[in-house]
Amino acid sequence: MTTPTLPTPAQPDAPRPTEATPPAATAPAGPTGARHRRWPWIAAGTAAAVLVSGGAVYAAQHKTVQLDLAGSTDDVSTFAGTVQDLLDQQHVTLGDHDVVSPAPATKLREGTDVVVRYGHQVTIDVDGDKSVVWTTALDADEALGALAHRGDDVSLVANRSQSGGRTALGIPLAADGPVTVVADGVTRHVADASAGAQAVLQDLGIQVGTLDRVTVEPATGGDGSVHLVVQRVERTTRKVTRPIAYGTVHRTDAGRYEDLPAVVTRAGTKGVYTTTYRLVTVDGKVESTTVASKGVTRKPVAKIVTTGTKERPVVVEQPAATSSSSSSSSSSTRSGSSSSSSSGSSSSSSSSGGGASTSGVWAALARCESGGNPKAVNPAGYYGLYQFTPQTWHSLGGSGLPTDASAAEQTALAQKLQARSGWGQWPACAAKLGLL
Numbered sequence: 008m009t010t011p012t013l014p015t016p017a018q019p020d021a022p023r024p025t026e027a028t029p030p031a032a033t034a035p036a037g038p039t040g041a042r043h044r045r046w047p048w049i050a051a052g053t054a055a056a057v058l059v060s061g062g063a064v065y066a067a068q069h070k071t072v073q074l075d076l077a078g079s080t081d082d083v084s085t086f087a088g089t090v091q092d093l094l095d096q097q098h099v100t101l102g103d104h105d106v107v108s109p110a111p112a113t114k115l116r117e118g119t120d121v122v123v124r125y126g127h128q129v130t131i132d133v134d135g136d137k138s139v140v141w142t143t144a145l146d147a148d149e150a151l152g153a154l155a156h157r158g159d160d161v162s163l164v165a166n167r168s169q170s171g172g173r174t175a176l177g178i179p180l181a182a183d184g185p186v187t188v189v190a191d192g193v194t195r196h197v198a199d200a201s202a203g204a205q206a207v208l209q210d211l212g213i214q215v216g217t218l219d220r221v222t223v224e225p226a227t228g229g230d231g232s233v234h235l236v237v238q239r240v241e242r243t244t245r246k247v248t249r250p251i252a253y254g255t256v257h258r259t260d261a262g263r264y265e266d267l268p269a270v271v272t273r274a275g276t277k278g279v280y281t282t283t284y285r286l287v288t289v290d291g292k293v294e295s296t297t298v299a300s301k302g303v304t305r306k307p308v309a310k311i312v313t314t315g316t317k318e319r320p321v322v323v324e325q326p327a328a329t330s331s332s333s334s335s336s337s338s339s340t341r342s343g344s345s346s347s348s349s350s351g352s353s354s355s356s357s358s359s360g361g362g363a364s365t366s367g368v369w370a371a372l373a374r375c376e377s378g379g380n381p382k383a384v385n386p387a388g389y390y391g392l393y394q395f396t397p398q399t400w401h402s403l404g405g406s407g408l409p410t411d412a413s414a415a416e417q418t419a420l421a422q423k424l425q426a427r428s429g430w431g432q433w434p435a436c437a438a439k440l441g442l443l
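Following this line, the structure appears as structure tokens:
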């Protein structure tokens, strides 16, 4: 196999020799032979040029960049052409809320700084209103600084309901700085809080209950540390009752005499209205009060007053028989003087007999007027067996009220009144008894 001959610069148009056209055997040694002797030098020069060019390409593609991955910075030697290529080589996957600077399509150059920040979902409390936001801050202090524009009183709220009872902020408490812990009225300073809120509280022996609140508040002291605050929360209930008045029901009883006073057949009972309040206390102070329930917890029971409607029967006793007629008959056969004497005696006997015969009538009159009750009182102002008015009673010589006197005294004064004014003093009952 013959060695190919490259054209020289002095002969740009000379034909390129090929293996199919070997040089003539008789050709004298001259310039053509000299060109064949220069080929190794030309080949060596070409190889050197290729090596130099390849080295330049290698140098252009290789670079050292600085990768800041969530606060952890490393120098990375790479052939990656873009930021995205670098992230792929480093197995860094970005989520919807993560950010990278410069943009993923940016070409890398020697010394480029690539910063990656992961998104954190945190709960914030701004002047008492809670909301969930995303932040790419490295720690709580940086997040509070970024959120300060939302209000004067902004804090991060730890979420314990979705972390198995652990105190989770959703973001590191402090990347490498101190923190001030406030709990149960005691303030403690922790030099390194990089282990997180849960670890800090455990190291201090602070137990956090299910309802307790854990928040991170901006630094207020001269040390510049954020405040990790634990608040004790309690939920209690309180009942407040008030009475409900009962009513009165009036009933009639056909089996009870109408002249008897009304009687309470069932005592009344007050009802109860109960309001239950739900209280939330934070560090011993009431934060909120809401009504949990309200309503009647015991109904009132009405008082029952019974009045009789039965009319008391009237019993009239007949006067007892006397011997005045037989005495008159026997005395009529005597002498005139005896007859005269007998007549006077008969007249006297008749008068006294009349008084005796009315004893049963007074009992019947008393039953009709008062039911036979010496203590009976009529709301209209009548008292005793015969329903005297106080004025009439006093005019007959009685003292106090008729109900203060015995039945015998009341009967005696009633007879005195009848003798003075007649049976018309008791018009209804006297008529019923046939005395009028």
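Whatever position you read off the sequence shown (first residue = 1), add 7 for my numbering. Note that beta-carbon positions come from the ideal geometry of N, C-alpha and C, so glycine has one too.
Helix, strand or coil for R374, going by three-state DSSP, please let me know. Position 367 of the sequence shown, counting from 1, holds the residue named residue 374. It is helical.
Do the CB positions of V161 and V189 come within less than 7 angstroms of each other? As a first step, residue 161 is located in the sequence shown; it is residue number 154 there, counting from the start. As a first step, residue 189 is located in the sequence shown; it is residue number 182 there, counting from the start. No, Cβ-Cβ distance for V161 and V189 is not below 7 angstroms.
Does DSSP put P450 in a helix, a strand or coil? Shown here, the chain extends from 8 to 443; a query on residue 450 therefore has no answer.
Given that a residue counts as buried once 16 or more other Cβ atoms are within 10 Å of its Cβ, and exposed if not, what is Q425? Reading the sequence shown from its first residue, position 418 is the one you call residue 425. A buried status is given to Q425, since no fewer than 16 other beta-carbon atoms sit within 10 Å of its beta-carbon.
Distance, H257 Cα to V270 Cα: Numbered from 1 along the sequence shown, position 263 holds the residue referred to as residue 270. Numbered from 1 along the sequence shown, position 250 holds the residue referred to as residue 257. Roughly 10 angstroms between the two C-alpha positions.
Answer yes or no: do L180 and G212 have a C-beta to C-beta separation smaller than 7 angstroms? Taking the sequence shown and counting its residues from 1, one reaches residue 180 at position 173. Taking the sequence shown and counting its residues from 1, one reaches residue 212 at position 205. G212 is positioned such that its CB atom lies no closer than 7 angstroms to that of L180.
Taking the alpha carbon of L443 as the reference point, which residue from T410, V368 and P386 has its own alpha carbon closest? By 1-based counting over the sequence shown, the position of residue 443 is 436. The candidate whose alpha carbon is nearest that of L443 is V368.
Classification of G254 by the beta-carbon crowding that lies within 10 angstroms, buried from 16 upward: Taking the first residue of the sequence shown as position 1, residue 254 is located at position 247. By the 10 Å Cβ count, G254 comes out exposed.
Which one or two residues does DSSP pair with K246 in a beta bridge? As a position in the sequence shown, residue 246 is number 239, starting the count at 1. Answer is T283, bridged to K246.
Please give me, in chain order, every unbroken run of the beta strand (DSSP E) with length at least 3 that falls completely inside the segment 208 to 236. List check, beta strand (DSSP E) in window: 220 to 224.
Indicate the three-state DSSP secondary structure (helix, strand or coil) for V90 in the structure shown. Start at 1 with the first residue of the sequence shown, and residue 90 comes out as number 83. Note: V90 maps to helix in three-state DSSP.
Counted within 10 angstroms of its Cβ, other Cβ atoms place D95 as buried (16 or more) or exposed: Your numbering for residue 95 matches position 88 in the sequence shown. Exposed is the call here.
T276 lies in the beta strand (DSSP E); which residues open and close that run? Locating residue 276 in the sequence shown gives position 269, where the first residue counts as 1. For T276, no beta strand (DSSP E) segment is defined, and its DSSP state is neither H nor E.
Simplified DSSP state of D148, which is helix, strand or coil: Within the sequence shown, the letter at position 141 stands for residue 148. Three-state DSSP puts D148 in a helix.
Between P111 and the rest of its own chain, which residues show a CB-CB distance below 6 angstroms, the 5 nearest in sequence each way excluded? Translated into the one-based positions of the sequence shown, residue 111 becomes position 104. Within the same chain, Cβ atoms closer than 6 angstroms to the Cβ of P111 are found at V90 and Q91, the five residues on either side in sequence being excluded.
Quick check: what's the CA-CA separation for G404 versus C436? Reading the sequence shown from its first residue, position 397 is the one you call residue 404. Reading the sequence shown from its first residue, position 429 is the one you call residue 436. Distance between the alpha carbons of G404 and C436 is about 24 angstroms.
For D75, which residues of its own chain have a beta-carbon under 8 angstroms away from its beta-carbon, when the five flanking residues on both sides are left out? For the purposes of this step, residue 75 is identified with residue 68 of the sequence shown, where counting begins at 1. Hits under 8 angstroms: D120, V121, V122 and V123.
Close-in-space but distant-in-sequence residues of the same chain around N320 (CB under 7 angstroms, 5 per side omitted): Stepping through the sequence shown from its first residue, residue 320 is reached at position 313. The question names Asn, yet the displayed sequence has Pro at residue 320. So no residue of the chain qualifies.
Once the 5 residues before and after G379 are set aside, which same chain residues still bring their CB inside 6 angstroms of it? What you label residue 379 is simply residue 372 of the sequence shown in a count that begins at 1. If we look at G379 and ignore the five residues flanking it on each side, its Cβ neighbours are A373.
Just the Cα atoms here: how many angstroms apart are V129 and Q238? Along the sequence shown, read from residue 1 onward, the residue named residue 129 stands at position 122. Along the sequence shown, read from residue 1 onward, the residue named residue 238 stands at position 231. Spanning the two alpha carbons is a distance of roughly 19 angstroms.
Restricting to Cα atoms, I'd like to know which of Y389, P381 and A421 is closest to S413. Position 406 of the sequence shown holds residue 413. Measuring from the Cα of S413, the nearest candidate turns out to be P381.
What distance in whole Å lies between the Cβ atoms of T410 and Y447, which are believed to be in contact at a cut-off of 8 angstroms? In this structure the chain extends from 8 to 443, so residue 447 is not present and cannot be described.
By alpha-carbon positions, which one of G184, T396, S79 and S295 ends up nearest to R245? The residue given as residue 245 occupies position 238 in the sequence shown. Ranking the options by Cα distance to R245, first place goes to S295.
Please say whether V197 and V186 have beta carbons closer to each other than 7 angstroms? As a first step, residue 186 is located in the sequence shown; it is residue number 179 there, counting from the start. As a first step, residue 197 is located in the sequence shown; it is residue number 190 there, counting from the start. The answer is yes: Cβ separation under 7 angstroms.
According to the neighbour-count rule (16 or more other Cβ atoms, all chains shown, within 10 Å of its Cβ), is S354 buried or exposed? Along the sequence shown, one-based indexing puts residue 354 at 347. Because the pLDDT at S354 is just 34, under 50, the model does not fix this residue reliably, and the point stays unresolved.
Roughly how many angstroms lie between the CA atoms of V298 and T282, to the nearest whole one? As a position in the sequence shown, residue 298 is number 291, starting the count at 1. As a position in the sequence shown, residue 282 is number 275, starting the count at 1. Using only the alpha carbons, I get a separation of about 7 angstroms.
Which one of A421, T227 and P434 has the shortest CA to CA distance from G152? Here the question's residue 152 lines up with position 145 in the sequence shown. Residue T227 holds the alpha-carbon nearest to the alpha-carbon of G152 among A421, T227 and P434.
Between R273 and T314, what straight-line distance do the alpha-carbon atoms span, to the nearest angstrom? Locating residue 273 in the sequence shown gives position 266, counting from the first residue. Locating residue 314 in the sequence shown gives position 307, counting from the first residue. Distance from the CA atom of R273 to the CA atom of T314, rounded to whole angstroms, is 13 angstroms.
Taking just the CA atoms, how far does F395 sit from S402? By 1-based counting over the sequence shown, the position of residue 402 is 395. By 1-based counting over the sequence shown, the position of residue 395 is 388. CA-CA distance, S402 to F395, rounds to 11 angstroms.
Within a Cβ cutoff of 8 angstroms, which residues of the same chain sit near H69, ignoring the five residues on either side of it in sequence? Sequence index remark: in the sequence shown, residue 69 carries index 62 (1-based). For H69, where only same-chain residues beyond five positions count, the Cβ hits under 8 angstroms are S84, T85 and F86.
Would E265 and T316 qualify as a contact pair, given that the criterion is a beta-carbon distance under 7 angstroms? Locating residue 265 in the sequence shown gives position 258, counting from the first residue. Locating residue 316 in the sequence shown gives position 309, counting from the first residue. Going by C-beta atoms, E265 is nearer than 7 angstroms to T316.
Nearest neighbour of L392, chosen from V99, A370, S201 and V240 [CA to CA]: To locate residue 392, count along the sequence shown from 1; it is residue 385. With distances taken between CA atoms, L392 lies nearest to A370 out of V99, A370, S201 and V240.
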